[in-house]
Amino acid sequence: MMSKFENIQVGDTVFIDTAVEISSGLLRQTQGRYFLPAKVIGATPKFFSIESYGGRFHKIRKDNGVEHGGTGKRVKALPFGEVIYGFKEVRTVKDQTEEYLEGIEFSKMFSSVNSMVRIRMDASKVTKQQLQDAFDALSALPKRENI
4 MMSKFENIQV GDTVFIDTAV EISSGLLRQT QGRYFLPAKV IGATPKFFSI ESYGGRFHKI
64 RKDNGVEHGG TGKRVKALPF GEVIYGFKEV RTVKDQTEEY LEGIEFSKMF SSVNSMVRIR
124 MDASKVTKQQ LQDAFDALSA LPKRENI
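Each position in the sequence shown, counted from 1, maps to that position plus 3 in my numbering.
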């Protein structure tokens, strides 16, 4: 049986499933999962190498698309258009760089506002507009000078 990456070549694009997480105190929530493009920069008979978003390099097995070696969470390469069946959703692999950057912006804003007020907020129930309004209001308050 031929693998989906058998004929992959330098210059091809694969996609990496990437999570954006939000920390609130001791809790960590996944804000969203996004498919980001990664360029193939090298290929051998059994492996191919990619450079993913942020300049990270990964060695991927051609037979299953999973990162070879590595520590922590292993990366899995996916071809464009593949359908992924998850626990609660069905997703189709496509370039979600724009959505990912919006997720990062939301995550940073959430962390900033949360640290300003030191309360536990539920990231799944907060809107971006609520965060922006709170951020603007809290930023306008006078700050205590360093003692």
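The beta-carbon is built from N, C-alpha and C at its ideal position, and this holds for glycine as well.
**Prompt:** Does the distance from the CB of Gln-135 to the CB of Met-119 come in under 8 Å?
**Reply:** No, these two residues do not count as a Cβ contact at 8 Å.
**Asked** Roughly how many angstroms lie between the CA atoms of Val-1 and Phe-50, to the nearest whole one?
**Response** Within the shown structure, residues of the chain are numbered from 4 to 150, placing residue 1 beyond reach of any answer.
**Message:** So that I know if they touch, is there some Cβ in chain D lying closer than 8 Å to that of Ser-114?
**Reply:** Among the chains of the structure shown, chain D does not appear; only one protein chain is present.
**Item:** Residue interval of the beta strand (DSSP E) (run including Ala-46)
**Value:** Its beta strand (DSSP E) spans residues 30-46.
**Message:** How far does the alpha helix (DSSP H) with Phe-90 in it extend, from its first residue to its last?
**Reply:** Run containing Phe-90: none; DSSP gives neither H nor E here.
**Message:** Taking the straight line between their C-alpha atoms, what separation do you get for Thr-130 and Asp-98?
**Reply:** The alpha-carbon atoms of Thr-130 and Asp-98 are separated by roughly 24 Å.
**Asked** Could you check where the beta strand (DSSP E) with Ile-63 kicks off and where it finishes?
**Response** First-last of the beta strand (DSSP E) with Ile-63: 59-64.
**Item:** Endpoints, the alpha helix (DSSP H) within which Ala-115 is located
**Value:** The residue you asked about is not Ala; residue 115 is Ser in the sequence shown. Unbroken alpha helix (DSSP H) run through Ser-115: 100-120.
**Message:** Taking DSSP's pairing of strands, which residues face Lys-79 in a bridge?
**Reply:** Answer by DSSP bridge pairing, in chain order: Val-69.
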